[in-house]
Amino acid sequence: MWVKGEIIQRVDWNDKLFSLKIKAPIAPYIAGQFIKLSQLKEDKRVARAYSIVNAPGDDFIEVLAVAVEDGQLSPQLQSLSIGDTIDVSPKASGFMTLDEIPQGELQGKHLWLLSTGTAVGPFISMLLTPEPWERFEKVVLVYGVRLAVDLAYINIIQQLQQQYPEQFCFVPIVTRESYDGALNCRIPQAIDSGLLQKQLQLDINPQDSQVMICGNPGMIADAQNTLEELGLTKNLRRAPGQITVEKYW
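Just so you know, we're using the UniProt record's numbering here: the sequence shown kicks off at 1 and counts up by one.
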């Protein structure tokens, strides 16, 4: 089942990276969840999952996507203009939400959000809600990209820095060029070397830290291994831990 969505705004961050705001009658969702976008292509339905970037309660949904040259859907999405329509799943899904993070004594004081590329989307949604700021003393967003032009939503991130100057820490990571204020290595290496923790003057340990990781499978696997070497464990409902992950493909 699908509902009809209308493109009401778009932003092109670079020649491949873009955001779409879509007016669609979907059910209420939780920050961090995803919806599916779909089109009929030669009588065959093509559908792909995209995380919702905006906070729950808005009268639209926003997605961040990158056009892949041989992709089955993303080039068509990139060609959409205001007023065009796209099929949308009527209900969001996914467990990459703050609801899945242990509460009380098991929660810890610091929330680390580790992302690469378009996987920053669900974290932006979370950061636009009151929950992380009410639950954690420090909230850290680590955002890894290849090139500086791949950094999206910097305007929102800067607004959050102004709104929560003592609570919010932002670390951009740009791996293929030098960029002012950014680390120049992969996220797992930044943790393993201690460079990330040193820059923030924050330790990552099982007592204080909850770490959510969203991005490409290689980054997730390496970051999880590095965190496990620091004593953190994967967060499961039957066995609460400190690491929550979602692969982006």
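Every residue, glycine too, gets a C-beta built ideally from N, C-alpha and C. The model shown is predicted, which means the values in this text are computed figures rather than measured ones.
query, result
"As an exercise, report each continuous beta strand (DSSP E) stretch of at least 3 residues that is fully enclosed by the segment 81 to 165, in chain order.", "85 to 88, 110 to 116, 138 to 145"
"What residues in its chain sit with their C-beta under 6 angstroms from that of leucine 111, if we drop five residues either side in the sequence?", "Pro132, Phe136, Val139, Gln210"
"Measure from the alpha carbon of isoleucine 26 to the alpha carbon of each residue in Phe34, Ser19, Leu20, then state which is nearest.", "Phe34"
"Can you pull the DSSP bridge partners for valine 11?", "Ser19"
"Helix or strand or just coil, what does DSSP make of proline 175?", "Here residue 175 turns out to be threonine, not proline, going by the sequence shown. Coil, per DSSP."
"Less than 8 angstroms separating the beta-carbons of arginine 45 and leucine 37?", "no"
"I need the DSSP call for glutamine 201, collapsed to helix, strand or coil.", "coil"
"Mind checking which residues open and close the alpha helix (DSSP H) that includes glutamate 62?", "From DSSP, glutamate 62 is part of no alpha helix (DSSP H) but of the beta strand (DSSP E) over 61 to 66."
"Could you tell me which of Asp12, Glu42, Ala55 sits nearest to isoleucine 30, measuring between CA atoms?", "Ala55"
"Sorted by chain position, which residues of the same chain lie with C-beta nearer than 7 angstroms to threonine 226's C-beta, five sequence neighbours on each side aside?", "Pro188, Ile191, Asp192"
"Just checking, does the segment 55 to 75 make contact with the segment 171 to 183 on the three C-beta pairs under 8 angstroms criterion?", "no"
"Does glycine 5 come out as helix, strand or coil in the three-state DSSP assignment?", "strand"
"Give me, in chain order, the residues of the same chain whose beta-carbon lies closer than 8 angstroms to that of alanine 92; leave out the 5 immediate sequence neighbours on both sides.", "Ile26, Ala27, Tyr29, Ile30, Gln33, Phe34, Ile35, Ile52"
"Could you pull the start and end residues of the beta strand (DSSP E) that serine 38 belongs to?", "34 to 41"
"Output the distance between the C-alpha atoms of valine 63 and alanine 182, rounded to the nearest integer angstrom.", "25 angstroms"
"Beta-carbon separation of valine 3 and proline 122 under 8 angstroms?", "no"
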